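Enquirer: Numbering (my numbering), first residue to last: 91 to 495. A virtual CB, placed ideally from N, CA and C, is assigned to each residue, including glycine. None of these values were measured; they are calculated from a predicted model.
#1: Note down the Cα distance separating residue 432 from residue 210, rounded to an integer number of angstroms.
#2: Thinking C-beta only, is residue 334 closer than 8 Å to residue 454?
#3: For residue 473, which residues in the same chain have their Cβ closer than 6 Å to its Cβ, ignoring the five residues on either side in sequence?
#4: What does the Cβ neighbour count give for residue 232, buried or exposed, with the cut at 16 atoms within 10 Å?
#5: Straight-line CA distance for residue 382 to residue 196?
#6: Would DSSP call residue 235 helix, strand or coil?
#7: What's the gap between the Cα of residue 421 and the Cα of residue 413?
#8: Measure the alpha-carbon distance for residue 244 versus residue 319 and round it to whole angstroms.
#9: For the alpha helix (DSSP H) holding residue 110, just list the boundary residues, first then last.
#10: Any contact of the stretch 151 to 165 with the stretch 266 to 286, i.e. 3+ C-beta pairs under 8 Å?
#11: Quick check on this structure: which residue in 424, 170 and 278 has the alpha carbon closest to the alpha carbon of residue 185?
#12: In chain order, which continuous runs of the alpha helix (DSSP H) of length 4 or greater are located wholly inside the stretch 268 to 318?
#13: At 4 residues or longer, and completely inside the stretch 379 to 452: list those alpha helix (DSSP H) runs for me, N to C.
#14: Can you tell me which of the three DSSP states residue 143 falls into?
#15: If you measure between the beta carbons of residue 291 and residue 227, is that distance less than 8 Å?
#16: Exposed or buried, what is residue 114 when buried is set at 16 or more other beta-carbons lying within 10 Å of its beta-carbon?
#17: Residue 220 by DSSP, collapsed to three states: which one?
#18: Where does residue 346 sit, in a helix, a strand or coil, going by DSSP?
#19: Starting from residue 159, follow the alpha helix (DSSP H) in both directions and report where the run begins and ends.
#20: Note down, in chain order, each residue of its chain lying with its Cβ closer than 7 Å to the Cβ of residue 356, except the 5 sequence neighbours on either side.
#21: Take the Cβ of residue 144 as the centre, count every other Cβ of all protein chains shown within 10 Å, and call the residue buried at 16 or more, exposed below.
#22: Tell me the rounded alpha-carbon separation between residue 372 and residue 419.
#23: Determine the contact status of residue 442 and residue 368, defining contact as a CB-CB distance below 8 Å.
#24: Work out the CA separation of residue 289 and residue 103 for me, nearest whole Å.
#25: Of the residues 107, 348 and 119, which one's Cα is nearest the Cα of residue 496?
#26: Any idea what DSSP makes of residue 491, helix, strand or coil?
#27: Across the stretch 153 to 168 and the stretch 211 to 218, are there enough close Cβ pairs to call them in contact, namely three or more that are closer than 8 Å?
So this is what it looks like as C-alpha cells:
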C-alpha cells in the first residue's frame, strides 16, 4: 500500500510524458528544419557566389550531409550513455556555433570557413534526426507510428517559414547577402536549446546500458530491417539529389531567386504536411504499402522533370518528390522500430541513420557535379537506379512473408 507523497505514489500518478515530449520535439523539429530549409534555399547560391570553381557550388551542402552522416553514430551512442535531453542540448549548442560561424564566413568572404560552418550545422542535424526516434521512446506500440509522424509534422512550419525567412533575412546585413539568414539559423538553434530542457525521456538504467542485445549483424540481416533502411536511405537520397540542384536549374533557366524559393517552399510542405496523417495510414495499411506508394510518387516526379523546364513542371515535380520522401522516410522509420529491442535501439538507429546519410551525402556531392557537367536531365535520371533497388527490397520482403492459410 502506498501513502500520499511517497515515491511509489508519485510514480503511480506521474503523467505519461509522451504527448509533452511529442509537442516539444515537434517544435524543435520545426525550428531545426526551418534552419535546414533556409540552408537548402540559399547554400548553393552562396557557394556559387563564393567558390572560384562553380562546380563546387553545392560542396558546402554536401559537406553538411557528410558531417551529418559521420555524426549519426556518435550522436546515437552518446545519447544511449548520457540521455536524450543532454545529447539534444549538445547538438543545439553546436547548431548555434555553426550558424554564427557561417554568418561570419560570408561577411569575411571565406569559402573554406563557410564549408566548416556547414559541417557544424551537419553535426547539429545529426542530433535532430533522432527527434523522431525519441518521440517513440515513451510511446505505446500502437501510438508509436503517430508519435514519429507528428514530430516529423513539425517540418510544416519549416516549409512555410524557411524560404520566407531566407528571403526576409537575405539583405539584413547588406551588402553582405545571406549573413542574416545564417544569423537567424543560430537564433533558431538557441530557441531549441531552451525548449529541449523540458523533454522528459528516462535514461536507460545501468543494467539496460550493460545489455547490448543481439549481434548487429543478426539485426541487420532481417529482411524487414533491410527494407526499412533502404526505404529511408533511397527516399532521402533521391530527394537530396534533385532538390539540391533545383535552385541551380531554375536560375539557369532564367527564373529568379523568389521563384526558386517558392518551389522549395512547396516542396517542404509536401515533405512534412502528410506527417499529420502518415502515421494513421501506416497503422491502417502497413508501412510496406506506404513505402510502395512513396516509390511511385518519386517515379512520377522523375517523369515530370524529364518532360520540361517550365515553372509548373518544377513545382509539380518537387511537390511529388516531397510526398515521396515523406512516405518512404516515415514508412522506413516506423518499420525500423519493429526490428529491435530497447537495448538494441542505440546501435540499430545509429547504423540506420549512418547508412541513410551516406547515400544522402553521395547524392548531394553528385548533384552539383551532375548538373554542372551533364545538365538537369542527368540529375533526374540519377533517381532511377536507387528507386529500382528500393522497389526490389519491398517485393523481396512481401514475398518472404508467410502467406495466410
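Expert: For this structure:
#1: As a working mapping, residue 432 is identified with position 342 in the chain shown. As a working mapping, residue 210 is identified with position 120 in the chain shown. Rounded to the nearest angstrom, the two C-alpha atoms are 29 Å apart.
#2: If you number the chain shown from 1, residue 454 lands on position 364. If you number the chain shown from 1, residue 334 lands on position 244. Yes, the Cβ-Cβ distance between residue 454 and residue 334 is below 8 Å.
#3: Counted from its first residue, the chain shown places residue 473 at position 383. Within the same chain, residue 473 has close Cβ partners 328 and 392.
#4: Indexing the chain shown from 1 puts residue 232 at position 142. Of the other Cβ atoms in all chains shown, fewer than 16 fall within 10 Å of the Cβ of residue 232; this residue is therefore exposed.
#5: Within the chain shown, numbered from 1, the residue matching residue 382 stands at position 292. Within the chain shown, numbered from 1, the residue matching residue 196 stands at position 106. Roughly 42 Å between the two C-alpha positions.
#6: In the chain shown, residue 235 corresponds to position 145, counting from 1. The three-state secondary structure of residue 235, taken from DSSP, is helix.
#7: Along the chain shown, read from residue 1 onward, the residue named residue 421 stands at position 331. Along the chain shown, read from residue 1 onward, the residue named residue 413 stands at position 323. Inter-residue distance for residue 421 and residue 413 is about 12 Å (C-alpha atoms, whole angstroms).
#8: Within the chain shown, residue 244 is the residue found at index 154, counting from 1. Within the chain shown, residue 319 is the residue found at index 229, counting from 1. Each residue's alpha carbon lies about 22 Å from the other.
#9: Within the chain shown, residue 110 is the residue found at index 20, counting from 1. It spans 108 to 140 - the alpha helix (DSSP H) in which residue 110 sits, taken as one unbroken run.
#10: With the rule of 3 Cβ pairs closer than 8 Å, the stretch 151 to 165 does not count as touching the stretch 266 to 286.
#11: The residue labelled residue 185 in the question sits at position 95 within the chain shown. Ranking 424, 170 and 278 by Cα distance to residue 185 puts 278 first.
#12: Counting only runs of at least 4 residues, the stretch 268 to 318 fully encloses the following alpha helix (DSSP H) elements, listed from N- to C-terminal order: 269 to 285, 296 to 300 and 306 to 310.
#13: Counting whole runs of 4 or more residues, the stretch 379 to 452 contains the alpha helix (DSSP H) stretches 401 to 426.
#14: As a first step, residue 143 is located in the chain shown; it is residue number 53 there, counting from the start. Coil.
#15: The residue given as residue 291 occupies position 201 in the chain shown. The residue given as residue 227 occupies position 137 in the chain shown. Using a Cβ distance threshold of 8 Å, residue 291 and residue 227 count as a contacting pair.
#16: If you number the chain shown from 1, residue 114 lands on position 24. Buried, since its Cβ has 16 or more Cβ neighbours within 10 Å.
#17: As a first step, residue 220 must be located in the chain shown, where it is residue number 130. The answer is coil: DSSP assigns residue 220 none of H, G, I, E or B.
#18: Start at 1 with the first residue of the chain shown, and residue 346 comes out as number 256. For residue 346, the three-state secondary structure derived from DSSP is coil.
#19: Taking the first residue of the chain shown as position 1, residue 159 is located at position 69. For residue 159, the uninterrupted alpha helix (DSSP H) segment begins and ends at 149 to 172.
#20: For this step, residue 356 is matched to residue 266 along the chain shown. Its chain contains 405, 408 and 409 as the residues whose beta carbon lies nearer than 7 Å to that of residue 356, once the 5 sequence neighbours on both sides are disregarded; these appear in chain order.
#21: Numbered from 1 along the chain shown, position 54 holds the residue referred to as residue 144. Exposed, since its Cβ has fewer than 16 Cβ neighbours within 10 Å.
#22: Mapped onto the chain shown, residue 372 falls at position 282. Mapped onto the chain shown, residue 419 falls at position 329. If I take the Cα positions, the gap works out to 12 Å.
#23: Position 352 of the chain shown, counting from 1, holds the residue named residue 442. Position 278 of the chain shown, counting from 1, holds the residue named residue 368. Taking 8 Å as the Cβ cut-off, residue 442 and residue 368 do not qualify as a contacting pair.
#24: Residue mapping note: residue 103 aligns to position 13 of the chain shown, counting from 1. Residue mapping note: residue 289 aligns to position 199 of the chain shown, counting from 1. The predicted position of residue 103 is uncertain, since its pLDDT is 43 and thus under 50; a value taken from the coordinates is nonetheless stated next. Straight-line spacing of the CA atoms in residue 103 and residue 289 works out to 18 Å.
#25: The requested residue 496 does not occur in the structure, where the chain is confined to residues 91 to 495.
#26: Residue mapping note: residue 491 aligns to position 401 of the chain shown, counting from 1. In the structure shown, residue 491 falls within a coil segment according to DSSP collapsed to helix, strand and coil.
#27: Three or more beta-carbon pairs separated by less than 8 Å link the stretch 153 to 168 to the stretch 211 to 218, which places the two stretches in contact.
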